[in-house]
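Asker: Counting with mature numbering (1 follows the signal peptide of the UniProt record, and there is no 0), you get residues -19 to -1, 1 to 136 for the letters of the sequence shown. We put the beta carbon where it would ideally sit given N, CA and C, even for glycine.
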Amino acid sequence: MNKLLILSLIILFSGSLLANDSKIDLDAFAKLYFDKMVATQSPTATKKELEEYLALLTDDVGHSHLPWVTDDSRLPSGKSDMRKGMTFYLGAHTEYKAELLDVFAFNQSAIAIRYKDYAKGIHPQSNQPIEYSQTMMEVLEIEDGKVAVIRKYHE
């Protein structure tokens, strides 16, 4: 009986330790995400920076960027689709800078980051000059320590 009680307590105790291990510091994760995302926009960005950013996402990541991309459905090809789209624009900027303005963490399920960025370059499809400055909010849904859904909003 005592052995059964001790075994039960060990199982319960180890389960609580595992539950605590699954919690991440969302503030630190938000800053890491921002730094990796910004690195992909740099004029010198390569596939290395892109893969470091994509490593933070689930394979089936959903993504919306209103008003252009409105469907944030999670599909098995989510990360692959993002890789393809981001590779097309890789190195399109001749100038890029961004400043993280705010981070909001919501329990262990979501982060919102607000930032201001400036970009200048040549659009890879139209070959026309581009230049913009904007304030953005990204809401990131977190699942098992990775970004599962990205929703981008312009201020």
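Contact check, MET117 vs ASP98 under 8 Å by CB: the rounded distance?
Answerer: Yes, they are in contact, since the Cβ atoms of MET117 and ASP98 sit about 7 Å apart, within 8 Å.
Asker: From the DSSP output, which residues share a beta bridge with PHE85?
Answerer: Note: PHE85 sits in a beta bridge opposite ALA93.
Asker: Excluding the five sequence neighbours on either side, which residues of its own chain have a C-beta within less than 6 Å of the C-beta of GLU112, listed in chain order?
Answerer: LYS101.
Asker: Per DSSP, what kind of secondary structure is GLU136 in: helix, strand or coil?
Answerer: Coil at GLU136, not helix or strand.
Asker: Verify whether the separation of the beta carbon atoms of GLY72 and ALA129 is less than 8 Å.
Answerer: Cβ atoms of GLY72 and ALA129: not closer than 8 Å.
Asker: Which ranges would you report for the alpha helix (DSSP H) in the segment 7 to 79 if only whole runs of at least 4 residues count?
Answerer: Runs found: 7 to 22, 28 to 35, 59 to 70.
Asker: Taking the beta carbon of residue 159 as the centre, do at least 16 other beta carbons fall within 10 Å, making it buried, or is it exposed?
Answerer: The first residue shown for the chain is -19 and the last is 136, placing residue 159 beyond what the model contains.
Asker: For the 8 Å Cβ check, are there 3 or more pairs between the segment 7 to 18 and the segment 81 to 92?
Answerer: Short answer: they touch.
Asker: Taking the beta strand (DSSP E) that SER114 falls in, what are its first and last residues?
Answerer: From DSSP, the beta strand (DSSP E) with SER114 extends over 110 to 124.
Asker: Are the beta-carbon atoms of SER23 and GLU32 separated by less than 8 Å?
Answerer: Not in contact: SER23 and GLU32 (Cβ atoms no closer than 8 Å).
Asker: I need the DSSP call for LYS4, collapsed to helix, strand or coil.
Answerer: Coil.
Asker: Quick one: what's ALA100 bridged to in DSSP?
Answerer: ALA100 pairs with TYR77, TYR113.
Asker: Any idea if ALA36 is buried or exposed, counting beta-carbon neighbours within 10 angstroms, 16 or more meaning buried?
Answerer: Burial call: exposed.
Asker: In angstroms with no decimal places, state the Cα-to-Cα distance between ASP53 and ARG132.
Answerer: Going by the C-alpha atoms only, they are around 7 Å apart.
Asker: ASP40: which of VAL84, HIS135, ILE123 sits nearest, CA to CA?
Answerer: It is ILE123.
Asker: Below 8 Å between beta carbons: does that hold for TYR96 and GLU80?
Answerer: In contact: TYR96 and GLU80 (Cβ atoms closer than 8 Å).
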